[in-house]
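One structure below.
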Amino acid sequence: MKAKPTFYRQRLLIALLEVFNGKLSKLDLQKLLFLFMQKHFQEKQPYEFIPYHYGCYSFQASNDIKTLINYGFLKIDKTNDLVAINRKDYHGINNIKHQDTKSLENFAHEHKNLSGDTLIEYVYKNYPYYTIYSKIAHKFIDEPYKKPASLFPHSAQDFYTIGYEGITFEKYINKLIDNNITVLCDVRKNAFSMKFGFSKNMLKHALENIGIEYIHLPELGIESEDRQELNCIRDYKKLFKRYENTTLCTNDAVVALSLLKDLSSKNKIALTCFEKDIKYCHRGIIAKKLNVLYDMESTNL
């Protein structure tokens with residue numbers, strides 16, 4: 139059994155449970171954690187959220203709850219579906235920063251009477267963005283939230299690219315939502331990542347639950363062994379030149395490029411891979427190829 143949780147955010151989560159009498163429903167825990175993030179953390183938030191089926195939802199928080207249960211810090215009361223403190227010898231509130239302790243205590247006092255439907259209504263009315271995909275929004279608000287028009291008007295010759303380096307899973311999904319992406323095309327050879335959320339199954343599941351189609355195009359990827367020893371921009375240029383003259387010339391790649399053109403005619407698509415800077419990512423070479431072949435213009439998100 140671990141002496142203490144690995145990450146500071148996990149200690150915050152336990153501390154929040156403690157100031158709310160040691161137990162909360164899964165839904166209340168997500169909502170209260172969301173509110174605390176909004177009200178206390180102005181800059182980088184330990185947990186970020188996306189609009190989901192019951193409002194604001196953090197995949198990272200949900201995963202951390204499972205981890206903390208596995209290590210014995212928390213438990214599930216299956217009778218009432220409550221997340222509860224399990225380790226009586228560990229106190230999260232004593233293992234966080236003093237200013238966070240004071241903020242949590244003040245937050246708990248301010249929100250002690252919010253739970254269940256009352257809490258949901260409070261969050262929905264004050265943070266309507268998170269009701270976009272809610273299955274229960276009609277019970278709490280009169281007008282459903284409308285997504286704003288994209289910053290970039292869509293045409294059949296437009297598409298987008300996005301890398302997930304340096305951003306959280308939730309921030310990444312919010313970028314897709316904000317830009318009204320309807321199809322995400324994963325151009326990694328192997329859609330696996332050590333970074334939370336970005337392996338194929340979880341990414342596909344999360345996106346398709348909010349109406350964004352996920353398509354994996356491994357034929358447009360680069361083998362991992364070919365990406366070794368990339369120490370400077372010249373190494374990348376050599377790799378991408380070889381990629382353009384070999385991989386992108388195969389029959390499978392030609393078919394995949396044609397599919398991207400067809401998808402773009404009816405959908406707002408984005409190509410995704412790891413690197414934040416497109417000049418270090420082969421999705422930039424794919425974008426140039428689509429521009430040459432089909433006069434398609436890309437924007438990197």
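Numbering (the numbering used here), first residue to last: 139 to 439. Just so you know, even glycine gets a beta-carbon here, dropped at the ideal spot from N, CA and C. These numbers come from a predicted model, not from an experiment.
Between the Cα of residue i and those of the options, spot the shortest distance and give me the residue it belongs to.
i           : options               : result
residue 313 : 214, 282, 428 and 189 : 189
residue 169 : 194, 232 and 385      : 194
residue 383 : 349, 343, 424 and 402 : 424
residue 368 : 272, 377 and 230      : 377
residue 245 : 174, 433, 435 and 317 : 174
residue 149 : 234, 247 and 297      : 234
residue 218 : 249, 254 and 211      : 254
residue 407 : 320, 360, 180 and 419 : 320
residue 272 : 433, 379, 192 and 386 : 192
residue 332 : 307, 211 and 403      : 307
residue 224 : 179, 186 and 161      : 161
residue 364 : 380, 349, 350 and 403 : 380
residue 334 : 346, 309, 401 and 391 : 309
residue 371 : 346, 417, 213 and 158 : 417
residue 433 : 402, 248, 352 and 411 : 402
residue 385 : 180, 177, 427 and 366 : 427
residue 263 : 251, 283, 140 and 411 : 283
residue 227 : 211, 240 and 239      : 211
residue 265 : 187, 311 and 352      : 187
residue 405 : 145, 197 and 293      : 293
residue 252 : 163, 392 and 269      : 163
residue 411 : 239, 196, 352 and 197 : 352
residue 350 : 280, 374 and 311      : 311
residue 347 : 247, 270, 389 and 281 : 270
residue 177 : 229, 231, 390 and 238 : 238
residue 360 : 391, 213 and 341      : 391
Give a yes or no on whether the C-beta atoms belonging to residue i and residue j are separated by under 8 Å.
i           : j           : result
residue 337 : residue 344 : no
residue 303 : residue 414 : yes
residue 199 : residue 171 : yes
residue 208 : residue 299 : no
residue 421 : residue 409 : yes
residue 143 : residue 220 : no
residue 339 : residue 285 : no
residue 147 : residue 202 : yes
residue 296 : residue 435 : yes
residue 419 : residue 301 : yes
Mind checking who residue i pairs with in its DSSP beta bridge?
i           : result
residue 193 : 190
residue 214 : 221
residue 163 : 220
residue 297 : 436
What residue range is occupied by the uninterrupted beta strand (DSSP E) comprising residue i?
i           : result
residue 437 : 435 to 438
residue 407 : 407 to 411
residue 402 : It is not in any beta strand (DSSP E) - residue 402 instead sits in the alpha helix (DSSP H) that spans 389 to 404.
residue 321 : 321 to 324
residue 146 : Taken as a continuous stretch (DSSP letters only), residue 146 belongs to no beta strand (DSSP E), being part of the alpha helix (DSSP H) at 146 to 157.
residue 422 : Note, residue 422: premise wrong, no beta strand (DSSP E); alpha helix (DSSP H) at 421 to 432.
residue 353 : 351 to 354
For residue i, report the span of its alpha helix (DSSP H) as first-last.
i           : result
residue 362 : It is not in any alpha helix (DSSP H) - residue 362 carries neither H nor E in the DSSP assignment.
residue 241 : 236 to 248
residue 260 : 254 to 264
residue 340 : 338 to 346
residue 311 : 307 to 316
residue 373 : 371 to 383
Is residue i near the ligand ZN, going by C-beta to nearest heavy atom under 7 Å?
i           : result
residue 259 : For the structure depicted, the ligand ZN is absent and the ligand set is empty, with no information on it obtainable.
Of all Cβ atoms in chain D, is any one closer than 8 Å to the Cβ of residue i?
i           : result
residue 417 : Absence of chain D from the displayed structure is noted, only one protein chain being present.
#### Entry: At least three beta-carbon pairs within less than 8 Å, the stretch 267 to 283 to the stretch 146 to 163
With the cut-off at 8 Å, the stretch 267 to 283 and the stretch 146 to 163 do not touch.
### Query
Below 8 Å, can you find three or more Cβ-Cβ pairs linking the stretch 389 to 400 to the stretch 253 to 265?
no
### Query
Below 8 Å, can you find three or more Cβ-Cβ pairs linking the stretch 352 to 359 to the stretch 314 to 325?
yes
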